[in-house]
Amino acid sequence: AHRRFCELLPQEHRSMEESLQIRVSLEQILSLPELKANPFKERICRVFSTSPARDSLSFEDFLDLLSVFSDTATPDIKSHYAFRIFDFDDDGTLNREDLSQLVNCLTGQGEDTRLSVSEMKQLIDNVSSRAGPGSGREGLELGPKLSLFQILEESDIDRDGTINLSEFQHVISRSPDFA
Numbered sequence: 001a002h003r004r005f006c007e008l009l010p011q012e013h014r015s016m017e018e019s020l021q022i023r024v025s026l027e028q029i030l031s032l033p034e035l036k037a038n039p040f041k042e043r044i045c046r047v048f049s050t051s052p053a054r055d056s057l058s059f060e061d062f063l064d065l066l067s068v069f070s071d072t073a074t075p076d077i078k079s080h081y082a083f084r085i086f087d088f089d090d091d092g093t094l095n096r097e098d099l100s101q102l103v104n105c106l107t108g109q110g111e112d113t114r115l116s117v118s119e120m121k122q123l124i125d126n127v128s129s130r131a132g133p134g135s136g137r138e139g140l141e142l143g144p145k146l147s148l149f150q151i152l153e154e155s156d157i158d159r160d161g162t163i164n165l166s167e168f169q170h171v172i173s174r175s176p177d178f179a
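Just so we're aligned, residue 1 is where the sequence shown starts under the UniProt record's numbering, counting upward by one.
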């Protein structure tokens, strides 16, 4: 892990002592092949950064990131950080806006791949209809099978309109695909 971190540093800062003191910019971290294709790459870096501006990672931050994504991390640790990554407004809960941002990350941030306001509303509110002509998603069913609002509602054990960490972990614990 240390060798990998040092590869991101300028040659003159690669000594053991100095590498433990210096921070690497998000741009450098985002250049790692492991993160390049991840739709949540910027959010991942911000969650693991301990700098006040959340714009760089120390070696310890980098080590935490690698540890959470390793095969040896426990499901509780993985779900804790998954929750933090999906909590885009950092308020300790997942709400409709967080779900919208999650969908936008998954569908892409470009104008040609981002869902329209009406498509996002359909996806979240479970209004069954098809995407219209010219949307780039003709025939895409955005109905009951994809209702994010239904997922939010079913996961919201305390019925406060949001999903907290324990509710998220409860849902994740029932998902054999989460690893």
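The C-beta atom is built at its ideal place from N, Cα and C for all residues, glycine as well.
Beta bridge counterpart(s) of residue i as assigned by DSSP
{"i": "Ile29", "result": "None; Ile29 has no bridge partner."}
{"i": "Val24", "result": "Leu57"}
{"i": "Ile163", "result": "Leu94"}
Extent of the continuous alpha helix (DSSP H) to which residue i belongs
{"i": "Leu63", "result": "59–68"}
{"i": "Ser49", "result": "Run containing Ser49: none; DSSP gives neither H nor E here."}
{"i": "His13", "result": "Here His13 belongs to no alpha helix (DSSP H), and DSSP marks it neither H nor E."}
Residue i vs residue j beta-carbon contact at 7 Å
{"i": "Asp64", "j": "Phe48", "result": "yes"}
{"i": "Ser67", "j": "Arg23", "result": "no"}
{"i": "Cys6", "j": "Ser19", "result": "yes"}
{"i": "Ser79", "j": "Ile157", "result": "no"}
Residue i to residue j span [Cα, whole Å]
{"i": "Lys41", "j": "Pro176", "result": "24 Å"}
{"i": "His13", "j": "Asn38", "result": "28 Å"}
{"i": "Arg159", "j": "Thr93", "result": "13 Å"}
{"i": "Asp55", "j": "His170", "result": "32 Å"}
{"i": "Gln150", "j": "Glu60", "result": "39 Å"}
> Along the chain, which unbroken stretches of the alpha helix (DSSP H) at least 4 residues long are found entirely within the UniProt domain "EF-hand" (74–109)?
Replying inline: Fully enclosed alpha helix (DSSP H) runs of 4 or longer: 75–86, 96–107.
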